[in-house]
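In the working numbering, the protein residues as written are 131 to 845. Right, one structure below, let's go through it.
Structure representation (structure tokens):
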């Protein structure tokens, strides 16, 4: 027995937390910073370059406290450590000044108008499908647009006004099967069935949707700001996962032992695609996808780092028509062939200067999608076709310089994008469109203390494009109310260069809205909020208002409401995230209803992990649940193309459950997980339509009970 305990202690001490502590502006390493495990004895001090190496006794989730003379103390929560492996943490600290109040930095919690997206949370919350876009629906500010599609509506605004960024630059929609679950089966602008950015490849990422600064541009709603991880520099690591979604294999590590140049890569092949290749029939339908993501980190001298990144994906969804006698709905009378190809490649260069830094990213991204539908008559003879195709390319550059100016932080940057769109729908009396656009957006921002407990962030940007010019401005003022509370007010003007995807944002039910002129659309937003932060729990409340003038002739788009939520970070195996929002969105000077005006959104997520170790076997069992309720979306009455005459589907209600059995072996971690989306099998109405085969109005429903079983091993 003593030998067993000795061996257990030996391998349990092998795992560690490594990383680097840097100044958040200059990115210079901070030597002598203290990194301490909260509620534990483990601790470390950073070396002359800011690197640290911290051993922990057991795998699991940890909270770190990081301190350095002259800087705000910071806590880093939910650090996920696996058996016998190192976990890397990039930690940035903010300077303090003589006239500033010394408080614990709460950036490990959600900042106002922002949702953190981490690999750990994606693997912990229920029914995320290991998809970063589905994780954010645990927030009451984000509504589910459709169970089959991960596009989201933020506070009643259209999903088509969201934007995806990767490594700081704008990219095309990084999702497979963009047509999944959409009305009339057409590709969505910002969503899809599965995201190409697998959880294994993600570093700290976020969804920005509040009063974000001028560094984020070209969005009227939200910005998915995604970052790919750098590979581990001290050892090679591997992850393999088999689930009903797909087969994943990820690897990361140094190119050579002791070197700082690293790599990380993940390849995934869909489970349904694998079965299809073996000839399995899904009622005449075949679905599949595959993707590859990679990042390479290369030090260039002592102060510069080059990162090369890429993402590629292929997907298809084909359906073969049934005979007239076998047909039950109008879809059965068509052959439908859908395919999508997406590619993203880019590089970023980060340079540390004296009390400043320069970060530059460049990427080229593109996709092509085709959907061909062939109709059959009652004699099973082909009779007509509907052919849809769309190509998009974005070349995006973003460069930002930031430095200290006394007690202030000054940023100067530029965003430059080139767009090429080529949409075509052959059933419309339209020529093939080719829309070429450009956007150049220099900006500057200053963050400075106004008083001992007050801090101001103000920025301005000029946006120039072939569709017009505008000057945007942003202001955010935060007032500390003691050590735990704060109030803030923020807002300004935000603009977005509209494109063929946005031209159907306010009417997703037809295709007559393709335009030859796409405006540089202005919008305004205002936020007033309060935040209370405890040792584990954060409670936020916010009044918000959005307005998009002249969105539809003389009508403005608006959304205003109240959001309240509480978030408990995981500690002692327990966490929760609960909240609700009430809002109204629509059009001024118009009787039309907004499709995404659901009126309210309630969400609750919680989980508990238990230590089930026995007989020398280190094991855990966890239960995670998520519930959501939101108002129904609006659709035009059958036979109407106007939202003046509309109906609202019923209230959307869903409960998800996740069960995970984890075992920590000597040099590997294995787990079995079972996700149950819509565990109660609630029948939620999606939309209604006139079915040409049945000759009557029919109702489409959201997904029923969807079980996802997964086996995962990390070594």
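We treat Cβ as the ideally placed atom computed from N, Cα and C, and that holds for glycine. Values in this document were obtained by computation on a predicted structure and should not be read as measured data.
Quiz item: DSSP three-state call for residue 402: helix, strand or coil?
Solution: Residue 402 falls in the helix class under three-state DSSP.
Quiz item: Grouping DSSP H, G and I as helix and E and B as strand, with all else coil, what is residue 363?
Solution: In the structure shown, residue 363 sits in coil (DSSP, three-state: anything other than H, G, I, E or B).
Self-check item: Reduced DSSP category for residue 289 - H, G, I as helix; E, B as strand; rest coil
Solution: The answer is helix: DSSP assigns residue 289 an H, G or I state.
Quiz prompt | For residue 757, the nearest candidate out of 193, 174, 270 (CA to CA) | solution = Comparing Cα-Cα distances from residue 757 to each of 193, 174, 270, the minimum goes to 270.
Practice problem: Tell me residue 617's beta-bridge partners as DSSP assigns them. | Solution: Paired residue(s): 609, 660.
Quiz item: Exposed or buried, residue 515, counting other C-beta atoms within 10 Å across all chains shown (16 or more means buried)?
Solution: With fewer than 16 other Cβ atoms from the protein chains shown falling within 10 Å of its own Cβ, residue 515 counts as exposed.
Quiz item: When the Cα atoms are used, what is the spatial distance from residue 753 to residue 371?
Solution: Counting only the Cα atoms, residue 371 lies some 20 Å from residue 753.
Quiz item: Who are the Cβ neighbours of residue 393 in its own chain at under 6 Å, not counting the five residues just before and after it?
Solution: Within its own chain, the residues whose Cβ lies closer than 6 Å to the Cβ of residue 393, once the five positions on either side in sequence are excluded, are 361, 426, listed in chain order.
Quiz item: Which residue comes first and which comes last in the alpha helix (DSSP H) that contains residue 250?
Solution: Per DSSP, residue 250 is one residue of the alpha helix (DSSP H) stretching across 249-252.
Exercise. With DSSP as the reference, label residue 636 as helix, strand or coil.
Key: The pLDDT assigned to residue 636 is 42, lower than 50, so where the model puts this residue is not dependable; a value taken from the coordinates is nonetheless given after this. In the three-state DSSP reduction, residue 636 falls in the coil class, being neither helix nor strand.
Quiz item: Closest to residue 256 by CA distance: which of 743, 793, 716, 707 is it?
Solution: If we check each option's Cα against that of residue 256, 707 comes out closest.
Quiz item: Residues bridged to residue 260 by DSSP?
Solution: Per DSSP, none; premise fails for residue 260.
Exercise. Kindly give me the distance between the Cβ atoms of residue 167 and residue 151, rounded to whole angstroms, as I take these residues to be in contact under 8 Å.
Key: The Cβ separation is near 15 Å, so there is no contact.
Self-check item: Under the three-state DSSP convention, the category residue 329 falls into
Solution: For residue 329, the three-state secondary structure derived from DSSP is helix.
Quiz item: Between the stretch 440-448 and the stretch 797-809, do at least 3 Cβ pairs fall closer than 8 Å?
Solution: With fewer than three CB-CB distances shorter than 8 Å, the stretch 440-448 does not count as touching the stretch 797-809.
Exercise. Would you kindly work out how many angstroms separate the C-alpha atoms of residue 385 and residue 477, rounded to a whole number?
Key: Roughly 18 Å between the two C-alpha positions.
Self-check item: Where residue 461 sits in the DSSP three-state scheme
Solution: Of the three classes helix, strand and coil, the one that applies to residue 461 here is helix, per DSSP.
Exercise. Please report how far the alpha carbon of residue 843 lies from the alpha carbon of residue 367, in whole angstroms.
Key: Our two residues, residue 843 and residue 367, have alpha carbons roughly 11 Å apart in a direct line.
Quiz item: Between residue 730 and residue 724, is the Cβ-Cβ spacing less than 9 Å?
Solution: In terms of Cβ geometry, residue 730 and residue 724 do not form a close pair [threshold 9 Å].
Exercise. Identify whether residue 177 lies in helix, strand or coil by the three-state DSSP scheme.
Key: Collapsing the DSSP output to three states places residue 177 in coil.
Quiz prompt | Three or more C-beta pairs below 8 Å linking the stretch 245-263 and the stretch 213-225 | solution = Touching, no.
Practice problem: Using a threshold of 9 Å, state whether the C-beta atoms of residue 450 and residue 496 are closer than that. | Solution: The Cβ-Cβ distance between residue 450 and residue 496 does not fall below 9 Å.
Self-check item: Same chain, Cβ closer than 6 Å to residue 489, neighbours up to 5 away in sequence not counted
Solution: Only 480, 530 meet the Cβ criterion.
Quiz item: Taking Cβ to Cβ, would you say residue 664 is nearer than 9 Å to residue 583?
Solution: Cβ atoms of residue 664 and residue 583: not closer than 9 Å.
Self-check item: Opening and closing residue of the beta strand (DSSP E) in which residue 719 lies
Solution: Counting along the chain, residue 719 falls outside any beta strand (DSSP E), and DSSP gives it neither H nor E.
Practice problem: Give me the Cα-Cα distance between residue 79 and residue 243, rounded to the nearest whole angstrom. | Solution: There is no way to answer for residue 79, as the model of the chain reaches only from 131 to 845.
Quiz item: What residue ranges within the stretch 759-813 form continuous beta strand (DSSP E) runs of no fewer than 3 residues, ordered along the chain?
Solution: The stretch 759-813 contains these whole beta strand (DSSP E) runs: 764-766, 776-778, 782-794, 799-807.
Quiz item: Is residue 197 closer than 9 Å to residue 148 when the C-beta atoms are compared?
Solution: Contact check for residue 148 against residue 197 fails: the beta carbons are separated by 9 Å or more.
Quiz prompt | At least 3 beta-carbon pairs within less than 8 Å: the stretch 740-754 vs the stretch 282-290 | solution = Contact between the stretch 740-754 and the stretch 282-290 is absent: fewer than 3 CB-CB pairs across the two stretches fall below 8 Å.
Self-check item: Beta-carbon spacing of residue 526, residue 494 below 9 Å
Solution: Yes, the pair counts as a contact, with Cβ atoms nearer than the cut-off.
Quiz item: Is residue 579 closer than 9 Å to residue 846 when the C-beta atoms are compared?
Solution: Residue 846 lies beyond the stretch modelled for the chain, which goes from 131 to 845, so this question has no answer here.
Quiz prompt | For residue 629, the residue or residues it bridges with in DSSP | solution = Per DSSP, none; premise fails for residue 629.
Practice problem: Have a look at the DSSP bridge pairing and note the partners of residue 470. | Solution: Paired residues: 445, 499.
Practice problem: Determine the closest residue to residue 828 out of 781, 676, 458, 551, with distance taken between C-alpha atoms. | Solution: It is 458 whose Cα lies nearest to the Cα of residue 828.
Quiz item: What did DSSP end up calling residue 587 once you bin it into helix, strand or coil?
Solution: In the displayed model, residue 587 falls within a strand according to three-state DSSP.
Exercise. Give a yes or no on whether the C-beta atoms belonging to residue 173 and residue 184 are separated by under 9 Å.
Key: Yes, the Cβ-Cβ distance between residue 173 and residue 184 is below 9 Å.
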